[in-house]
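Anchor point for the sequence shown: position 68 equals 603 in the numbering used here, and the numbering is continuous, going up by one each time. Positions of the beta carbon are idealized from the N, C-alpha and C atoms, including for glycine. See below for the structure under consideration.
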Amino acid sequence: NKTIVSVSYGGTPMTLVKGQESHDGATGAYASLWRLLSPATGANDVVVTGSSSGVVISGAISFTGNHATVPDVQSVSNKGTTGATTVTATGTVSGNYVIACACCGSTMGTPTQTASWLKNVNTSDYGNNGAGSYASSAGGNVVMGYSDVGDGWAIVAVEVGAAAGGGTILPMMMQHHGG
């Protein structure tokens, strides 16, 4: 199984929030979300360690005003072999954010929410394409996804809770293919 085993930012280990293998853990891809509360400011190195060699595609987004100690309200994941890459965060709270990371063997298409990053490497191997997106919740269900016609895909999402006077969070959206 190909996974991300650790991520650090500025030498500080990050916490895995949620990970999901695509349809085939032996040859497929792995999408995961990591976080760090109150990260160091300024330019810092991100170090990613995978369980095997292969392509790593990643992106990052930071939030301020989130819950200072427990920002993860809920995390969800999904996987498939055909159709659009989607996952639904149910019963979200108005004012919170939902962030997602996905990987797919097909070209990642248009996101259902605001794109944060997108990297299409090729479409000849599982998981060589990745993307991250985010959405502000108005409450209720938030659907995160991409308009690809999947070829072995995985997606993970987390609802980030808001709090008055909250801290800063740095979620890392990772995709790994062990190729």
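- Distance from asparagine 601 to alanine 698 at the Cβ level is roughly 6 Å; contact confirmed, criterion being Cβ atoms closer than 8 Å.
- With a threshold of 16 other beta carbon atoms within 10 Å, proline 548 falls short and is exposed.
- DSSP, read as helix, strand or coil, puts valine 605 in coil.
- In the structure shown, valine 591 adopts extended strand secondary structure according to DSSP, grouped into three states.
- Note on the region 596-651: whole beta strand (DSSP E) runs with a minimum of 3 residues are 598-601, 607-615, 620-627, 632-639, in chain order.
- Under the three-pair Cβ rule at 8 Å, the region 634-654 counts as touching the region 585-601.
- One thing to note: valine 622 has its Cβ within 8 Å of the Cβ of asparagine 613.
- Glycine 615 and alanine 575 have their C-alpha atoms some 37 Å from each other.
- Residue pairing from DSSP places threonine 547 in a beta bridge opposite Tyr544.
- Nearest Cα to serine 587 within the set Ala666, Tyr565, Pro646: Tyr565.
- For leucine 571, no pairing in a beta bridge is given by DSSP.
- Put simply, of Thr647, Val582, Ala673 the residue whose alpha carbon is nearest the alpha carbon of alanine 637 is Thr647.
- The three-state secondary structure of serine 671, taken from DSSP, is strand.
- Within the DSSP bridge table, the entry for alanine 698 names no partner.
- In the structure shown, threonine 584 falls within a strand segment according to DSSP collapsed to helix, strand and coil.
- Taking a C-beta distance under 8 Å as the contact criterion, threonine 627 and glycine 680 do not qualify as a contact pair.
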